[in-house]
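Following: one structure in structure tokens, then a few remarks.
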Amino acid sequence: MPEKVITEKVLCYVIREGHLLVFRHTDFSYEEVGIQVPGGSVRLGEDPADAALREAREETGLTGFTVVRKLGEIEYDISPLRFEIQRRQVFEVALRGPAPERWASQEDHDGKREPTRFECFWIPLRAAHVLQSGQGALVGRLFD
1 MPEKVITEKV LCYVIREGHL LVFRHTDFSY EEVGIQVPGG SVRLGEDPAD
51 AALREAREET GLTGFTVVRK LGEIEYDISP LRFEIQRRQV FEVALRGPAP
101 ERWASQEDHD GKREPTRFEC FWIPLRAAHV LQSGQGALVG RLFD
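The sequence shown begins at 1 in the UniProt record's numbering and counts up one residue at a time.
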């Protein structure tokens, strides 16, 4: 078995009026990728809170995000998809300004590969258990 690499990641719990901002990949089935929250890789030398804000903007196409607080860190082993352990820093994030109930977005990957298309929408916070790959692990801390 290949040696597992550790990658630094962030996840964003964007909450509004008791709802959580999520997305699905429009080019893949739910069985392949599920429902996710904004998040992604921390770039070399990047502050994790800044990475969370950047990822939220890139994946949703919205602006006006601010970090409310860091909720904690978790590790998630995504094997066998990739032999990788993701060290995730999870942030509660607020959104100033209006946002639709449902909208199309895409991440352009800095023009280095084909865009990834998303459908963004809000789900009741109580339904956060449907998030894929352990992304809902720290939702309970929103109530601390």
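Idealized CB from N, CA, C, for every residue including glycine.
Quick caveat, the model's predicted, so the values are computed rather than measured.
Sheet register partners of residue i (DSSP bridge)
i           : result
Ser-105     : Phe-118
Val-37      : Answer is none; Val-37 lacks a bridge partner.
Lys-70      : Phe-91
Gln-86      : Thr-7 and Tyr-76
residue 233 : Residue 233 cannot be examined here, being either before or after the span of the chain that is shown, 1 to 144.
Phe-65      : Leu-95
His-25      : Phe-118
Alpha-carbon spacing of residue i relative to residue j, whole angstroms
i       : j      : result
Ile-15  : Glu-73 : 19 Å
Pro-2   : Thr-63 : 40 Å
Tyr-76  : Thr-60 : 23 Å
Val-130 : Gly-45 : 32 Å
Neighbourhood of residue i by C-beta, 7 Å cutoff - its chain only, sequence neighbours within 5 removed
i       : result
Trp-103 : Cys-120
Contact set for residue i: own chain, Cβ-Cβ below 8 Å, skip 5 residues either direction
i      : result
His-19 : Trp-122, Ile-123, Pro-124 and Leu-125
Residue span of the alpha helix (DSSP H) that contains residue i, given as start and end
i       : result
Leu-142 : No alpha helix (DSSP H) holds Leu-142; DSSP gives it neither H nor E.
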